[in-house]
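Down below is the structure, laid out as structure tokens.
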Amino acid sequence: MSLEPRVDRIEEAILIMKELLVSQSGRLDDYYKAMRESREDFEFKLNALINAQMTNETEIIEVKESIIALKEVSQSHSERIENLESKNNL
């Protein structure tokens, strides 16, 4: 094989490698874009979950406080009734 066909084949191989690199670069850009979007979606969902959990915990605390207040009122009413009954029995 003479020198000129060899140079032609080398040039052709270089062009093919260049096309492969450009193609690979495009695929990597698409991959990184998809990864970025996936991460953003995950972070959005995680923040929504955290916010929902915080809201639930706040509501649970409010319910517990309401239950405590109701128990106190109930106990107070029970004591009043007992006092009235003991007065009536005298």
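Numbering (the working numbering) for the sequence shown: 6 to 95. Beta carbons are placed, not taken as given, at the ideal position from N, Cα and C, and that holds for glycine.
Proximal residues to residue i (C-beta, below 7 Å), its chain only, five neighbours per side dropped
i, result
"ILE65", "none"
Neighbourhood of residue i by C-beta distance below 8 Å, restricted to the same chain and skipping five residues each side
i, result
"THR60", "none"
Endpoints, the alpha helix (DSSP H) within which residue i is located
i, result
"SER7", "Taken as a continuous stretch (DSSP letters only), SER7 belongs to no alpha helix (DSSP H), as it is neither H nor E."
Curious, which full-length alpha helix (DSSP H) runs of at least 4 residues does the region 39 to 89 contain?
none
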